[in-house]
C-alpha cells in the first residue's frame, strides 16, 4: 500500500493531526486562504458607539481565520472559538487570547458539500438574519453573510 493512500482516508493521514492541519489544509484546498481573506473583507465596520467588535469563529480548526480577523481588526473585543475537534480547539486557544462572548454579523466561508451555498443562505434567513448575500464565489468555495436586525428595527 502506498503512503499516498493514507492522505485520502477519513480520520487518518494529516487531517487528524492538528500540527499538520494548516499546512495540508492549504495544500488540499488551495483557495482556503483567499476565502478567508474574502470573509475578512466582507466584515462590516463596528456600528457600536463604544466601538465593540465581536467575532465568532465556527469550525475554527486551528484558529487560522481568527488570526486574519485579529490582524485586520485589532479592535476585536470578543472572540468565540467553536470546533468539533478538541485538539484543534486547544491549538486555536493557544494561538489566541480568547474572551468568550458573541454578537454581530454572521460571515460564513465554506465549500459546497452536503449543504450547498443556497441552502445555507436560506437557513440564515430562517434563523432571522437579513441582508443575506454571497460576497465571493470561486469554484466550490464561497463566502456568504448576513446581519441580525437591531432592536430599533424590530416590530
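Numbering (our numbering), first residue to last: -5 to 149. Don't be surprised by glycine CBs; every beta carbon is placed ideally from N, CA and C.
Item	Value
I'd like to confirm the pairing. Which residues does DSSP put opposite residue 128 in its beta bridges?	138
Any contact between the region 20 to 32 and the region 129 to 139? By contact I mean 3 or more CB pairs, one from each, below 8 Å.	yes
For residue 33 and residue 101, which I take to be in contact (beta-carbon distance under 8 Å), what is that distance rounded to the nearest angstrom?	5 Å
Rounded to a whole number of angstroms, what is the C-alpha to C-alpha distance between residue 29 and residue 58?	12 Å
Cβ of residue 141 within 8 Å of Cβ of residue 99?	yes
To which residues of the same chain is residue 128 closer than 8 Å at the C-beta, ignoring the five residues directly before and after it?	111, 115, 136, 137 and 138
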